[in-house]
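Novice:
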Amino acid sequence: MTHNDIKCKAFKMARLTFACLIIISSLVIPGCLSTKQTDDEIIWQDNFESGDLTGWKIIDEVNDVEESHWYVEKGFLIQDTDFGSIRNLLGTTIINGNSDWDNYTVRANINCTDDDFIGILFRYVDENNYYRFLLSSQRKTILVDKRVNGKFTTIARYGEEEWQYARFSATIAVYAEDIKVYLNDSLFFDIEDSQFDKGKIGLTSISNLGSFFDDITVYSEYQIQPVEKKLSIIRGPYLQNVLDDHAVIMWNTSIPANSIVEFGLNKDSSQTLSSDQETTKHEVMLNGLKAGYTYYYRVKSNTIVSDWFSFESYPGNNTAFSFIAYGDTQMGFLRHNELAKQIGKHEFDFIINCGDVVQRGPRADWDLEFFEPMKEILTGKPVYAAIGNHELNSENYYKNFSNPAPDHESYYSFQYGNSFFIVIDNAKAYAPERKYYTEYEKGSEQYKWLQSELASDKAQSAEWLFVVSHVPSYVGGGMDLFPGCRESLVPLFEKYDVDISFSGHVHGYGRGEVNEVTYIITAGGGGAQNKKGSEEKLEYKGFQLVYNFCDININGSQLHFKAFDINNKLIDEFTIEK
Numbered sequence: 196m197t198h199n200d201i202k203c204k205a206f207k208m209a210r211l212t213f214a215c216l217i218i219i220s221s222l223v224i225p226g227c228l229s230t231k232q233t234d235d236e237i238i239w240q241d242n243f244e245s246g247d248l249t250g251w252k253i254i255d256e257v258n259d260v261e262e263s264h265w266y267v268e269k270g271f272l273i274q275d276t277d278f279g280s281i282r283n284l285l286g287t288t289i290i291n292g293n294s295d296w297d298n299y300t301v302r303a304n305i306n307c308t309d310d311d312f313i314g315i316l317f318r319y320v321d322e323n324n325y326y327r328f329l330l331s332s333q334r335k336t337i338l339v340d341k342r343v344n345g346k347f348t349t350i351a352r353y354g355e356e357e358w359q360y361a362r363f364s365a366t367i368a369v370y371a372e373d374i375k376v377y378l379n380d381s382l383f384f385d386i387e388d389s390q391f392d393k394g395k396i397g398l399t400s401i402s403n404l405g406s407f408f409d410d411i412t413v414y415s416e417y418q419i420q421p422v423e424k425k426l427s428i429i430r431g432p433y434l435q436n437v438l439d440d441h442a443v444i445m446w447n448t449s450i451p452a453n454s455i456v457e458f459g460l461n462k463d464s465s466q467t468l469s470s471d472q473e474t475t476k477h478e479v480m481l482n483g484l485k486a487g488y489t490y491y492y493r494v495k496s497n498t499i500v501s502d503w504f505s506f507e508s509y510p511g512n513n514t515a516f517s518f519i520a521y522g523d524t525q526m527g528f529l530r531h532n533e534l535a536k537q538i539g540k541h542e543f544d545f546i547i548n549c550g551d552v553v554q555r556g557p558r559a560d561w562d563l564e565f566f567e568p569m570k571e572i573l574t575g576k577p578v579y580a581a582i583g584n585h586e587l588n589s590e591n592y593y594k595n596f597s598n599p600a601p602d603h604e605s606y607y608s609f610q611y612g613n614s615f616f617i618v619i620d621n622a623k624a625y626a627p628e629r630k631y632y633t634e635y636e637k638g639s640e641q642y643k644w645l646q647s648e649l650a651s652d653k654a655q656s657a658e659w660l661f662v663v664s665h666v667p668s669y670v671g672g673g674m675d676l677f678p679g680c681r682e683s684l685v686p687l688f689e690k691y692d693v694d695i696s697f698s699g700h701v702h703g704y705g706r707g708e709v710n711e712v713t714y715i716i717t718a719g720g721g722g723a724q725n726k727k728g729s730e731e732k733l734e735y736k737g738f739q740l741v742y743n744f745c746d747i748n749i750n751g752s753q754l755h756f757k758a759f760d761i762n763n764k765l766i767d768e769f770t771i772e773k
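Okay, so the sequence shown: first residue is 196 according to the numbering used here, each after it adds one.
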């Protein structure tokens, strides 16, 4: 078989496999197949429960301004720096195993929350001789190559569609000249190559801030057998848009099914809303809710029934309330899990997320980074999310949230109690040259809408007026990093007496005041705090490089604000009296 034959065979196999994978929801570790093996077939494994790197050898393949950072935490082997060169496809590797291993299957569970390259090395002879599997969702690249005397040759490549999963399994079987690569237990590449007949195994990260590996196992034999995919609820239910006399219930199922919600003031006398349209993304609006009551609900899809959950309906216009504000929950799902536990200790009515919910919006899997850490909270508390630059204006943002403005869902407003909230879409302030971001500057449709909303009776008669965006107008109450915001947004904030501008984007926490407008940056939901230049942010006035969230209590003409770190330690506090 020629080199071209190998590529063609792998490419055709990849297209068929990828079509199968795209259909399947990414909300659990998905796959068309399940696996079967016995302990007798395992020849080596590491589940990283010991908390150290005993037996592993780290090799940094390029010179870089920063060091790689491999470590073990909470059962994961992690590499969380941008170390590496995308141009040369070289980064940092970590090696283990036996040089005499010849015929084996290596399997790893991979959590890749960044969007650059992550992979597995196999039949590793030395630093200049090995096979390598690599994947990057952002670059629409999945490949197998070999390095011979330091030179790389690609032997299989797929680059038509973006890989949809932040969490997946990779299995590589090498027996004699046959190399098979399975992703989520479906055959992706089938290659013949005889360059190397034995060697160790390894893992690699190239410019990837979010590389998480788990349960690395080497088998002498490994069997994969097909099983039927069964209906299950794989996300939610979760709350959206609990305003006025309505609320939206959303959930996802593994395969298409109908949508049923039972709800009421108690479980015994519930009403039922249903739709026979089969879908994997379910969205049902409950109408006619009484203000300030506890409602119970559960969801059904065909034969699947959820537990009962409860939420508080909109309390009315003159009721004290509180809300949580935070953002940039992308990549660091371990940190987001910890932060969610601390948020859950507080009493509040809803959550504001300042954007960058996930690292890569076009990737279908939003669960690992956002919905799973928040799953216990979102059954009873709604979230209102701004769109960030990392959402890339993807359709997934619009599918995953049900915002109050159907005509322009990425910017919207709502009234809650005596306060008026305006959520805007200003990701373009970060990258003005990118056409896919929504226009927000003077003359744009969004700008005209924002000006109209700020000038409206609802906004001007409200006791408190808040604007939520992803990109901040100021950092540290004065540092101007995004001139588009200063030129287009700040004059409106000052003219129409905005009380607080909430933003994210600059990872950490910051507060400042300019011309009687308070500017809060709460970008501490999990986004990397060790990126190049992060320490320089500490020079900004009022800025702290910490994971954080804010708890804001509104009681008539008094606003009490508290900011907490990931350990629920108070890091900032102030009160405003109107």
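Virtual Cβ for every residue (Gly too), placed ideally from N, Cα, C.
This structure is a prediction, so every number in the text was calculated from the model and none was measured.
Let me confirm a value: Gln554 is counted as buried when at least 16 other C-beta atoms fall within 10 Å, else exposed. Which label applies?
Specialist: Result: buried.
Novice: For Val578 and Tyr319, what's the separation of their Cα atoms in angstroms?
Specialist: If you take the alpha carbons of Val578 and Tyr319, they lie about 47 Å apart.
Novice: When the Cβ atoms of the region 243 to 251 are set against those of the region 263 to 277, are three or more pairs found closer than 8 Å?
Specialist: At 8 Å Cβ cutoff, the stretches touch.
Novice: Please say whether Lys536 and Ser508 have beta carbons closer to each other than 8 Å?
Specialist: In this structure, Lys536 does not lie closer than 8 Å to Ser508 by Cβ.
Novice: Entirely within the region 424 to 496 and at least 3 residues each: give me those beta strand (DSSP E) ranges in chain order.
Specialist: Qualifying beta strand (DSSP E) stretches, in chain order: 428 to 438, 441 to 459, 466 to 481 and 489 to 496.
Novice: Whose CA, out of Gly720, Glu604 and Gly722, lies closest to the CA of Ile617?
Specialist: Selected option, being the one with the closest Cα: Glu604.
Novice: Using 8 Å as the cut-off, can you tell me whether the region 396 to 404 makes contact with the region 436 to 451, which would need three or more C-beta pairs spanning the two stretches below that distance?
Specialist: Because the criterion of three Cβ pairs below 8 Å is not met, the region 396 to 404 and the region 436 to 451 do not touch.
Novice: Name the residue from Glu533, Tyr326 and Thr336 whose alpha carbon lies nearest to the alpha carbon of Trp358.
Specialist: Closest by alpha carbon: Thr336.
Novice: Comparing C-alpha positions only, which one of Leu426, Glu372 and Ile305 sits nearest to Asp409?
Specialist: The shortest Cα separation from Asp409 among Leu426, Glu372 and Ile305 belongs to Ile305.
Novice: Could you tell me which of Leu660, Trp239 and Tyr593 sits nearest to Ala303, measuring between CA atoms?
Specialist: For the residues Leu660, Trp239 and Tyr593, the minimum Cα distance to Ala303 belongs to Trp239.
Novice: Just confirm the distance between the C-beta atoms of Asn613 and Ser664, as a whole number of angstroms; I'd bet it's less than 8 Å.
Specialist: About 22 Å separates the two Cβ atoms, so there is no contact after all.
Novice: Which residue marks the beginning of the alpha helix (DSSP H) containing Trp644, and which one marks its end?
Specialist: Glu640 to Ala650 is the extent of the alpha helix (DSSP H) around Trp644.
Novice: Could you give the distance in angstroms between the alpha-carbon of Ile761 and the alpha-carbon of Ser332?
Specialist: So the two alpha carbons sit approximately 29 Å from each other.
Novice: Tell me which residues share the same chain as Leu774 and place their Cβ nearer than 7 Å to its Cβ, disregarding the 5 neighbours each side in the sequence.
Specialist: With the chain covering 196 to 773 only, the question about residue 774 has no answer from this structure.
Novice: Reducing DSSP to helix, strand and coil, say where Tyr592 ends up.
Specialist: Reduced to three states, the DSSP call for Tyr592 is helix.
Novice: From Ser683 to Val369, what does the alpha carbon distance come to, in whole angstroms?
Specialist: Approximately 59 Å, taken between the alpha carbons.
Novice: Taking buried to mean at least 16 other C-beta atoms within 10 Å of its own C-beta, is Lys395 buried or exposed?
Specialist: That one is buried.
Novice: Compute the Euclidean distance between the alpha carbons of Thr300 and Asp310, then round it to the nearest angstrom.
Specialist: Their Cα atoms are separated by approximately 26 Å.
Novice: Can you list, in chain order, the residues of its chain with a C-beta nearer than 6 Å to that of Phe566? Leave out the 5 residues immediately preceding and following it.
Specialist: Excluding sequence neighbours, Phe566 sits near Arg430.
Novice: Mind reading off the beta-carbon distance from Asp746 to Ile519? Whole number of angstroms is fine, and I expect it under 8 Å.
Specialist: Yes, they are in contact, since the Cβ atoms of Asp746 and Ile519 sit about 6 Å apart, within 8 Å.
Novice: Is Ile716 closer than 8 Å to Val670 when the C-beta atoms are compared?
Specialist: Going by C-beta atoms, Val670 is nearer than 8 Å to Ile716.
Novice: Using only the alpha-carbon positions, how far apart do Gly707 and Val701 sit?
Specialist: Answer to the nearest angstrom: the Cα atoms are 14 Å apart.
Novice: Would the region 525 to 535 count as touching the region 477 to 496 if we require 3 or more Cβ pairs under 8 Å?
Specialist: Not touching, per the Cβ criterion.
Novice: Under the rule that 16 or more other beta-carbon atoms within 10 Å means buried, what is Ser752, buried or exposed?
Specialist: Classification for Ser752: exposed.
Novice: List the endpoints of the continuous alpha helix (DSSP H) containing Gly679.
Specialist: Here the alpha helix (DSSP H) through Gly679 covers Pro678 to Ser683.
Novice: Could you pull out every residue in the same chain whose Cβ sits closer than 7 Å to the Cβ of Gly539, ignoring the five residues on either side in sequence?
Specialist: Taken in chain order, the residues that qualify are Glu571 and Ile572.
Novice: Taking its Cβ as the centre, do 16 or more other Cβ atoms sit within 10 Å of Phe363, making it buried, or is it exposed?
Specialist: The residue is buried, with at least 16 neighbouring Cβ atoms inside 10 Å.
Novice: Taking contact to mean 3 or more Cβ pairs, one atom from each stretch, closer than 8 Å, check whether the region 671 to 679 and the region 642 to 660 are in contact.
Specialist: Counting Cβ pairs under 8 Å, fewer than three are found: no touch.
Novice: In terms of alpha-carbon separation, which member of Leu426, Pro432, Tyr742 and Lys462 lies closest to Ala452?
Specialist: Out of Leu426, Pro432, Tyr742 and Lys462, Leu426 has the C-alpha closest to the C-alpha of Ala452.
Novice: Sort out for me which residues DSSP pairs Lys341 with in a bridge.
Specialist: Answer by DSSP bridge pairing, in chain order: Tyr326 and Thr348.
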